[in-house]
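Okay, so here's the structure we're looking at.
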Amino acid sequence: MRPEASSRVRFGLRLNGVVLRLKVNAQNDAPQVPVAGLITVRRAGHREWWPEIATRMNSWSKRLLSYGGKEVFIKAILHSIPTYAFSVFLAPKGIIMDLQSNICRTWWANNGKDCGWNMMAWDRLCYPKGIGGMGFRDMHLFNLALLGRQVWRLLKFRDTLCFKVLSAKYFLDGDVFQLKRCNRPSFTWSSVAKAATKLKDGFIWKIGNGSLIDIWWDQWGIEGLNGNSDRIIELYGTELGEHICNLPIPPYNFEDSRTWLHNPHGSYTSKSAYSWLSLKKIGYGPHRLYWRIIWKLKMLPKIKVFSWRIGHDILPTYANIARIRHNFSTTCPRCKNNEESLIHALKECPKVRETLTIGGFNNRFLDGSYSRCIDWLEDILRELDSKATADFSFSSGTGKDNPARMVWERAYTLSNDFRIFNLNNPPVIPWIPVYKGWKKPPTDFIKINVDAAVSNGNNGYGAIARDADGFVIAGSYAYDNKAIDAVWAELKAVTFGMKLASSLNLKKIIMKSDNATLINTFKNREKDVTILGCCVKQECRDFNKFDTIQFNWTDRRVIVLLTCLAKWLCAWSGGTVVVGVGGAGDWPGGNGTWRRLRGIR
């Protein structure tokens with residue numbers, strides 16, 4: 002694509018064309034070539050492009066897909082159609098409604114027909130899967146999340162021409178959240194301004210010298226936080242409260258800056274913004290166990306969707322059909338006795354009970370009175386393992402008109418075949434074997450493996466330093482009778498490792514831990530805005546003692562003996578912190594422990 006065809010600037014009609022050519026060497030008589038992938042949205046004719054998209058969607062949706070295939074089709078194809086335009090413009094509500102209604106028709110269509118029974122509102126379908134939805138995108142929130150990337154660029158890239166032009170006309174003092182009132186702003190800026198207003202609460206100040214912060218109106222700290230340590234511990238608990246009280250005070254030699262609160266690294270991402278906007282709209286819980294389990298089971302996607310429909314009671318049982326059709330009989334077609342509700346069709350019908358009994362379900366699962374089917378299913382999920390739960394789900398999705406033994410054997414065979422296929426079929430991304438043993442560090446480097454364990458209210462730490470030949474130089478161990486979170490115990494282990502390196506006057510070290518969260522925090526400590534990130538920065542003040550220090554993740558199997566040592570220290574009696582550094586005689590257990598540590602992989 003030619004560069005002149007991939008970008009365009011539209012100037013006002015009052016601007017003289019001759020002056021424009023002389024000042025910026027621009028041609029204002031070039032033909033209006035449409036930019037690839039970008040939809041020109043106009044206030045009067047914003048539906049001009051809709052027939053083309055509707056035609057594409059309708060042609061695709063006529064394919065006969067199961068609910069599992071429709072889920073992939075919607076998320077992979079239909080959701081991606083407006084992505085490029087949504088990152089530039091805030092789409093009008095009419096376009097959003099048209100787009101969502103077409104996706105909704107695609108989801109509920111049956112046997113290639115465009116019309117279907119919409120048994121659930123679209124807003125609830127857009128809930129995350131762990132909350133009871135299908136994880137479809139709320140197009141309006143997705144639009145705002147994509148526009149937030151433009152807001153982030155205006156916050157972080159202040160030396161660009163775009164920032165200089167927009168700040169001079171639309172917002173005060175270079176702050177995109179302090180908007181000016183202007184006459185007839187551009188449609189693009191109006192979109193960015195609305196996104197900035199919606200996303201403002203998600204940004205906080207990273208405090209420096211405090212010169213840019215309005216302490217009364219800006220979001221710069223935790224609400225209700227003060228110097229009363231007892232009150233902080235009362236609000237946030239003992240462990241988190243102590244971490245808050247022990248936060249290091251940052252230096253005041255840098256300016257205040259805005260950062261994104263909902264990403265541990267402080268950088269804005271569309272994914273984190275969409276998740277925050279969704280949970281802000283839906284609520285944070287509590288949510289049912291059933292939704293978290295069914296999507297993790299290893300079974301056919303259409304069976305997973307069928308289990309999801311069971312949880313919401315949106316299957317076409319006779320009781321549900323009678324709600325929309327007058328004078329419709331609700332009698333169960335199998336037993337001819339009771340009303341065919343969902344709980345009757347899956348549990349109380351004699352034909353179904355016969356099938357479940359053949360499958361090994363005793364009276365403990367079949368007794369009891371339940372008004373909702375999901376309550377009964379949750380009680381079953383708490384008792385069964387994943388394989389038995391998958392077999393039960395397959396049996397629920399198999400037809401009930403055949404004899405009971407045939408129904409169960411068909412479901413059991415289908416479940417086994419699916420499991421065997423996944424074991425025998427090569428994966429799409431082939432697995433590459435990786436050596437899991439201990440690897441030698443480069444020459445002149447010392448590798449220090451650290452690990453920690455928390456058990457029975459105690460925590461233990463261990464560190465082993467070895468040279469390029471694998472020879473154990475020294476070790477460090479400690480234990481304490483205080484229960485803390487695993488990642489904080491790993492941080493103490495890393496601290497012990499650095500103290501060990503400092504005591505041995507080592508200059509080039511490689512620190513390895515099996516805690517990926519901690520290693521990523523060390524690598525991105527300058528951007529991390531969490532409490533853990535602040536504490537890691539505090540520990541990194543002693544880095545000037547070393548010429549080179551690296552932090553890498555290692556597999557837990559590589560440091561298995563060090564893990565056993567940390568667990569053994571947790572069980573070691575005593576209430577004081579014990580630190581040991583040195584050779585064979587200094588280690589708990591004497592020479593035998595030292596010899597085993599020398600053989601660590």
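Residue numbers (the numbering used here): 2 to 602.
Just so it is clear, CB atoms sit at the ideal spot from N, CA and C, and this is done for glycine as well.
{"Asked": "Among D202, L200, V177, nearest to W190 - alpha-carbon criterion", "Found": "V177"}
{"Asked": "C-alpha gap between D231 and G498, whole angstroms", "Found": "33 angstroms"}
{"Asked": "C-alpha distance - I294 paired with D470, whole-angstrom precision", "Found": "47 angstroms"}
{"Asked": "Q179, DSSP secondary structure in three states", "Found": "coil"}
{"Asked": "Spatial neighbours of M121 in its chain, beta-carbon cut-off 7 angstroms, leaving aside the 5 residues before and after", "Found": "H313, I315"}
{"Asked": "Separation of G284 from L79, as counted between CA atoms", "Found": "27 angstroms"}
{"Asked": "Three-way DSSP call (helix, strand, coil) for M135 in this model", "Found": "coil"}
{"Asked": "Endpoints, the beta strand (DSSP E) within which N321 is located", "Found": "Premise fails: N321 lies in the alpha helix (DSSP H), 319-322, not in any beta strand (DSSP E)."}
{"Asked": "Opposing strand residues paired with E340 [DSSP bridges]", "Found": "T332"}
{"Asked": "Bounding residues of the alpha helix (DSSP H) (the contiguous stretch that carries I234)", "Found": "230-237"}
{"Asked": "Beta-carbon contacts of K483 that lie in its chain and below 8 angstroms, excluding the five residues immediately before and after", "Found": "G458, N459, N460"}
{"Asked": "Helix, strand or coil at V89 according to DSSP, with G and I counted as helix", "Found": "coil"}
{"Asked": "Outcome for Q179 when other beta-carbon atoms lying within 10 angstroms are tallied against a minimum of 16", "Found": "exposed"}
{"Asked": "For I433 and P287, the rounded distance between their alpha carbons", "Found": "40 angstroms"}
{"Asked": "Under the three-state DSSP convention, the category L301 falls into", "Found": "coil"}
{"Asked": "Alpha-carbon spacing of S102 relative to G136, whole angstroms", "Found": "16 angstroms"}
{"Asked": "Distance between L145 and G209 (C-alpha atoms, nearest Å)", "Found": "29 angstroms"}
{"Asked": "Nearest-angstrom beta carbon gap, K201 and C183 [assumed within contact, 8 angstroms]", "Found": "About 19 angstroms separates the two Cβ atoms, so there is no contact after all."}
{"Asked": "Contact check, G69 vs P302, beta carbons under 8 angstroms", "Found": "yes"}
{"Asked": "Sequence-distant residues of its chain with Cβ nearer than 8 angstroms to I603 (five each side left out)", "Found": "One cannot answer for residue 603 here, as it falls past the ends of the chain, which runs 2 to 602."}
{"Asked": "In DSSP terms, what W206 is bridged to", "Found": "R259"}
{"Asked": "Environment of K513 [buried if 16+ CB atoms lie within 10 Å]", "Found": "buried"}
{"Asked": "Sequence-distant residues of the same chain with beta carbon closer than 8 angstroms to R150, five excluded per side", "Found": "S88, Y269, S271"}
{"Asked": "Residue interval of the alpha helix (DSSP H) (run including W554)", "Found": "Per DSSP, W554 belongs to no alpha helix (DSSP H); it is in the beta strand (DSSP E), 549-554."}
{"Asked": "C-alpha gap between K448 and I510, whole angstroms", "Found": "6 angstroms"}
{"Asked": "Cβ-Cβ distance between L147 and T84 below 8 angstroms", "Found": "yes"}
{"Asked": "Burial state of C163, where buried means 16 or more other Cβ atoms lie within 10 Å", "Found": "exposed"}
{"Asked": "Environment of D139 [buried if 16+ CB atoms lie within 10 Å]", "Found": "buried"}
{"Asked": "Distance, V537 Cα to K528 Cα", "Found": "11 angstroms"}
{"Asked": "Proximal residues to F158 (C-beta, below 8 angstroms), its chain only, five neighbours per side dropped", "Found": "F164"}
{"Asked": "C-alpha distance - N553 paired with G238, whole-angstrom precision", "Found": "32 angstroms"}
{"Asked": "Rounded C-alpha distance that separates Y480 from I234", "Found": "24 angstroms"}
{"Asked": "Under 8 angstroms between C-beta atoms of Y371 and I344", "Found": "yes"}
{"Asked": "Euclidean distance between Cα positions of T56 and L378", "Found": "41 angstroms"}
{"Asked": "CB-CB length for C336 against K352, believed under 8 angstroms", "Found": "6 angstroms"}
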